[in-house]
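So the structure is just underneath, and the comments pick up after that.
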Amino acid sequence: MTRRVLVVEDNALNRELLVALLEAEGCDVLPAESADAVTELVARVRPALIFMDVQLPGITGYEATRRLKGNPATAAIPVVAVTAQAMRGEEARARAAGCDAYLSKPVSARALQDVLRRWLGDGAGSSPDRR
Ligand code: MN
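In this text, residue positions in the sequence shown follow our numbering: the first is 1, and each later residue adds one.
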């Protein structure tokens, strides 16, 4: 299974940190600063997994996720919401938007490894559900 992942994050430091963590896990990372062209970008890149910042200039991460999940061509690609908002109910909002998983910033290597194991498998062909 491909480990190509898309990272949508407008903050340069947060983006670089997440990209570095993902590359350390063997992912082929494509960074993007906004989700405005997300449909076209995802159709072109065909990532196995998408990390979606929630607060973005232009359309929000949740709106972008709704668009991806509403399109049969991209609906099956798992989307991980990444948010700084440690607010009560944020995970429920992410789920309502169609996000498959949720990470809060700052993203820890351990939390990221759990997400990758769950949604990409371990890279050795195991089922995503095998822990
Ligand atoms: Mn942001």
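Note that the Cβ used here is the ideal one computed from N, Cα and C, for glycine as well. All values derive from a computational prediction rather than experimental measurement.
Which residues in the same chain as S108 place their Cβ atom closer than 6 Å to its Cβ, once the five residues preceding and following it in sequence are excluded? For the purposes of this step, residue 108 is taken as the residue at position 108 of the sequence shown. The answer is none, since no qualifying residue turns up.
Determine the contact status of A35 and T60, defining contact as a CB-CB distance below 9 Å. Within the sequence shown, residue 35 is the residue found at index 35, counting from 1. Within the sequence shown, residue 60 is the residue found at index 60, counting from 1. Yes, these two residues count as a Cβ contact at 9 Å.
Ordered along the chain, which non-local residues of its own chain (more than five positions away) have a Cβ less than 8 Å from that of D28? In the sequence shown, residue 28 corresponds to position 28, counting from 1. Take D28, set aside five residues on each side of it, and the residues of its chain with a beta-carbon closer than 8 Å to its own are T2, R3, R4, V5, in chain order.
D129 versus A37 - alpha carbon distance: To locate residue 129, count along the sequence shown from 1; it is residue 129. To locate residue 37, count along the sequence shown from 1; it is residue 37. Its pLDDT being 47, under 50, D129 is placed unreliably by the model, and the measurement read from it follows with that caveat. Computed Cα separation, rounded: 31 Å.
Quick one: is A81 buried, meaning 16 or more other Cβ sit within 10 Å of its Cβ, or exposed? Here residue 81 refers to the residue found at position 81 of the sequence shown. Counting the other Cβ atoms within 10 Å of the Cβ of A81 gives 16 or more, which makes it buried.
Within 9 Å (strictly less), CB to CB, does R67 reach chain D? You won't find chain D in this structure, because it holds only one protein chain.
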